[in-house]
Amino acid sequence: MNVTATNHDEVSALLTVTLDKSDYKDKVEKQLINYAKNAQVPGFRKGKVPLSMVKKQYEAGIAFEEINKQVSEALNNYVTDNKLRLVGQPVPQPVDSMDHNAEQLSVGFEVGYEPEFTIDLAKYEAPHYKVEASEKEINQSIENMQKRFAEQVPQDAIGDDTHIALEISQVIEEGAEGEHNHAPKNITIEATKKEAFKLVKALKKDESVKVSKADLEKNEELAKELSFSKKEFEHLHHDQIEVKVKDFFGLNLAELNSELFDKVYGEGTIKTEEELKDKVKAELDEYFQQNADVHFVNKILQQINEKEEVKLPETFLIKWLMFSNEQVNSEEQAKEILEAEKNQLKYQILEGKLMNDNEIKLDYADVLGQAEQMVRNQLAMYGIHHLPDEEVQKYAAEMLKDQDQVRQISSEVGMAKLKDVILEKATKKETKISHDEFLEELKK
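Whatever position you read off the sequence shown (first residue = 1), add 42 for my numbering.
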């Protein structure tokens, strides 16, 4: 058995796998003998079926199965041993016929490679912002804690300090009963959500107001405040929604004392308001810095994508698209698809190159650790900050039973490791700014 490469250019080649009959003959013979021993054929006792009869019926199928197996193994081993970074999958050359009794067989595969190049991260430079939480942001975060554990106080009418519980449902037109009948959604708003608050401020408990889909389309802020994502809005199947006031109330904020501190951070972790402020500032600074780091990395990746030349095996990719996608019926159609996907493919090659050159590898411990952090983040949204580690691990293990989650988390872990490499090796222009200024930078 032998594999040879005939290069078309630096990014594509023909790989030819050559098998001698001796490579597969004995294995085919062994399978035929085993089959003859166990075959149950009318007119013959078990194990007494003539080998010649078995060969006549089954030799070709068994031989081609073994040939395919050995060809695949040889091709995969060649790619692995030569550390080839393929683009797409090998495309077999058409074969009119194949004689399994021939002394030698050859099968060709067209392949495309990632080009050889290097990326010098040090030559790329971008602003790296140091973002610190302001006193206002710290106080707002503490107030949110107080609200989360606040006592609800009944009110006679809606005022500027009122929290309003709303039920939002689609209005089903007459004669359309049961069509796209989605369950109502429930949200709570306050005066900071100006458009939604203005919509229901004059209502009493159990009163409602109807809003047309057209009005929501004109007032994006109202749609957002009523908790409609762009995707949800596009899938509204009826012309109106009904917004009903289910309840309204004021809040007695939880006092800043050890009871609140223990509920949020665990018993004895925080003892004074000063310690609470320091803790909240540290959390906000860390969160803001994570976002600033991501911003820096994205700017560097954007520059790399714009400046690095990546030669794609376009001729091969057109063949691969036509071979792998039965809906692609012509070379012209394949070219159109390739043109639309070029930038994304280039980005994937650049990302893979950075990860490969910097020896970024993933293992199960990395993925499990990220899943555990995701569980903690989700629990923190509900005010749960101190669940025992064994409980977190149990939830994380359950999450990783879903292969889609495994793929998503693996991608996140890989990007996190790549982020660390870029932060270390790319050139930073260190700049201190406020969080508000940073948010403005993100809009650019």
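We treat Cβ as the ideally placed atom computed from N, Cα and C, and that holds for glycine. Fair warning: this is a prediction, and the values are worked out from it, not measured in the lab.
Less than 8 Å between the C-beta atoms of His428 and Phe291, yes or no?
On the sequence shown, residue 428 is found 386 positions in, with the first residue counted as 1. On the sequence shown, residue 291 is found 249 positions in, with the first residue counted as 1. Against a cut-off of 8 Å, the Cβ pair of Phe291 and His428 comes out as no contact.
As an exercise, report each continuous alpha helix (DSSP H) stretch of at least 4 residues that is fully enclosed by the region 260-295, in chain order.
For the region 260-295, the full-length alpha helix (DSSP H) segments reaching 4 residues or more read 262-267, 272-276 along the chain.
How many Å lie between Asn228 and Glu267 at the Cα?
By 1-based counting over the sequence shown, the position of residue 228 is 186. By 1-based counting over the sequence shown, the position of residue 267 is 225. Rounded to the nearest angstrom, the two C-alpha atoms are 12 Å apart.
Would you report the Cα separation of Arg418 and Glu158, rounded to the nearest angstrom?
By 1-based counting over the sequence shown, the position of residue 418 is 376. By 1-based counting over the sequence shown, the position of residue 158 is 116. Looking at the two C-alpha atoms, the distance is approximately 42 Å.
Can you give me the Cβ contacts of Met416 inside the same chain, cut-off strictly under 8 Å, excluding the 5 residues immediately before and after it?
For the purposes of this step, residue 416 is taken as the residue at position 374 of the sequence shown. Answer for Met416: Ala438, Met441, Ile451, listed in chain order.
At which residues does the beta strand (DSSP E) containing Thr204 begin and terminate?
On the sequence shown, position 162 is the one that residue 204 refers to. Note, Thr204: premise wrong, no beta strand (DSSP E); not H, not E.
Can you tell me the Cα-Cα spacing of Thr46 and Asp408, whole angstroms?
In the sequence shown, counting from the first residue as 1, residue 46 sits at position 4. In the sequence shown, counting from the first residue as 1, residue 408 sits at position 366. Spanning the two alpha carbons is a distance of roughly 38 Å.
Along the chain, where does the beta strand (DSSP E) that runs through Thr58 open and close?
In the sequence shown, the residue the question calls residue 58 occupies position 16. Element bounds for Thr58: 54-62.
For Ala168, the residue or residues it bridges with in DSSP:
For the purposes of this step, residue 168 is taken as the residue at position 126 of the sequence shown. The partner list for Ala168 (beta bridge, DSSP) reads Lys470.
Rounding to the nearest angstrom, what Cα-Cα distance links Gln112 and Ala225 in this structure?
Position 70 of the sequence shown holds residue 112. Position 183 of the sequence shown holds residue 225. If you take the alpha carbons of Gln112 and Ala225, they lie about 56 Å apart.
Neighbourhood of Val434 by C-beta, 7 Å cutoff - its chain only, sequence neighbours within 5 removed
Translated into the one-based positions of the sequence shown, residue 434 becomes position 392. Only Glu414, Val417, Arg418 meet the Cβ criterion.
Buried or exposed for Ile426, going by 16 or more other Cβ atoms inside 10 Å?
As a working mapping, residue 426 is identified with position 384 in the sequence shown. It is exposed - the Cβ of Ile426 has fewer than 16 other Cβ atoms within 10 Å.
Of the choices Lys443, Lys349, Ile342, whose alpha-carbon is the least far from that of Leu460?
What you label residue 460 is simply residue 418 of the sequence shown in a count that begins at 1. Checking every option, the nearest Cα to that of Leu460 belongs to Ile342.
Since Ser139 contacts Thr58 with CB under 8 Å, what's their CB separation in whole angstroms?
Working through the sequence shown from its first residue, we reach residue 139 at position 97. Working through the sequence shown from its first residue, we reach residue 58 at position 16. About 17 Å separates the two Cβ atoms, so there is no contact after all.
Distance, Cα to Cα, Lys353 vs Gln331?
Translated into the one-based positions of the sequence shown, residue 353 becomes position 311. Translated into the one-based positions of the sequence shown, residue 331 becomes position 289. Those two C-alpha atoms are separated by around 36 Å.
For Phe365 and Asp123, I'd like the C-alpha separation in whole angstroms.
Residue 365 sits at position 323 when you count from the first residue of the sequence shown. Residue 123 sits at position 81 when you count from the first residue of the sequence shown. Answer to the nearest angstrom: the Cα atoms are 26 Å apart.
Contact defined as beta carbons within less than 8 Å: I believe Gln282 pairs with Lys255. What is the distance between those atoms, to the nearest angstrom?
Position 240 of the sequence shown, counting from 1, holds the residue named residue 282. Position 213 of the sequence shown, counting from 1, holds the residue named residue 255. Contact holds; Cβ gap of about 7 Å.
At what residues does the alpha helix (DSSP H) containing Ile184 begin and finish?
On the sequence shown, residue 184 is found 142 positions in, with the first residue counted as 1. From DSSP, the alpha helix (DSSP H) with Ile184 extends over 177-190.
Among the candidates Thr469, Lys349, Arg127, Ser269, whose CA atom is the shortest distance from the CA of Pro355?
By one-based count along the sequence shown, residue 355 stands at place 313. Closest option to Pro355, Cα to Cα, is Arg127.
So Pro132 and Val153 are supposed to be a Cβ contact under 8 Å. How far apart are they, rounded?
Start at 1 with the first residue of the sequence shown, and residue 132 comes out as number 90. Start at 1 with the first residue of the sequence shown, and residue 153 comes out as number 111. Confirmed, about 5 Å.
May I have the straight-line CA-CA distance separating Lys377 from Lys470, to the nearest angstrom?
Locating residue 377 in the sequence shown gives position 335, counting from the first residue. Locating residue 470 in the sequence shown gives position 428, counting from the first residue. Computed Cα separation, rounded: 40 Å.
Inspect the beta-carbon positions of Ile464 and Val339 and report whether they are closer than 8 Å.
The residue you call residue 464 lines up with position 422 of the sequence shown. The residue you call residue 339 lines up with position 297 of the sequence shown. Result yes, Cβ atoms of Ile464 and Val339 sit closer than 8 Å.
Flag this pair as touching only if the region 192-207 and the region 228-239 have three or more C-beta atom pairs under 8 Å; answer yes or no.
yes
Residue range of the unbroken alpha helix (DSSP H) whose run includes Gly394:
For the purposes of this step, residue 394 is taken as residue 352 along the sequence shown, with counting starting at 1. From DSSP, the alpha helix (DSSP H) with Gly394 extends over 373-399.
What does the alpha-carbon distance come out to for the pair Phe106 and Leu117?
Here residue 106 corresponds to residue number 64 of the sequence shown, with the count starting at 1. Here residue 117 corresponds to residue number 75 of the sequence shown, with the count starting at 1. Cα to Cα, the separation comes out at about 16 Å.
Rounded distance between the beta-carbons of Leu295 and Glu179, thought under 8 Å
Mapped onto the sequence shown, residue 179 falls at position 137. Mapped onto the sequence shown, residue 295 falls at position 253. Not quite, the Cβ-Cβ distance comes to about 18 Å (not below 8 Å), so this is no contact.
Runs of 4 residues minimum, wholly inside the region 291-362: which ones carry the alpha helix (DSSP H) assignment?
300-307, 315-349
Is it buried or exposed for Val96, if we count other Cβ within 10 angstroms and need 16 for buried?
For the purposes of this step, residue 96 is taken as the residue at position 54 of the sequence shown. Buried, because 16 or more other Cβ atoms sit within 10 Å of the Cβ of Val96.
Pick helix, strand or coil for Phe365, following the three-state DSSP scheme.
As a working note, residue 365 is residue 323 in the sequence shown. If DSSP states are grouped into helix, strand and coil, Phe365 belongs with the helices.
For Glu432, which three-state DSSP category applies?
Your numbering for residue 432 matches position 390 in the sequence shown. If DSSP states are grouped into helix, strand and coil, Glu432 belongs with the helices.
Residue of Glu301, Asn333, Glu52, Glu328 minimising C-alpha distance to Phe191
What you label residue 191 is simply residue 149 of the sequence shown in a count that begins at 1. Measuring from the Cα of Phe191, the nearest candidate turns out to be Glu301.
Cutting at 7 Å between CB atoms, please list the residues of its own chain near His477, excluding the five before and the five after it.
Position 435 of the sequence shown, counted from the start, is the residue given in the question as residue 477. Cβ within range, chain order: Val173, Ala175, Ser176, Glu179, Phe330.
Neighbour-count burial assignment, Ser54, 16 or more Cβ in a 10 Å radius
Locating residue 54 in the sequence shown gives position 12, where the first residue counts as 1. So Ser54 counts as buried.
Does the distance from the C-beta atom of Thr60 to that of Gln135 stay below 8 Å?
The residue labelled residue 60 in the question sits at position 18 within the sequence shown. The residue labelled residue 135 in the question sits at position 93 within the sequence shown. The answer is no: Cβ separation not under 8 Å.
Exposed or buried, Glu351, counting other C-beta atoms within 10 Å across all chains shown (16 or more means buried)?
Looking up residue 351 in the sequence shown gives position 309. With fewer than 16 Cβ atoms within 10 Å of its Cβ, Glu351 is classed as exposed.
Let me make sure I understand the geometry here. Which of Asp162, Asp65, Gln99, Ala81 has the alpha-carbon closest to that of Ala346?
Residue numbering aside, residue 346 sits at position 304 when the sequence shown is read from its first letter. In the sequence under discussion, the amino acid at residue 346 is Ile, which differs from the Ala named in the question. When only C-alpha atoms are compared, the closest one is Asp162.
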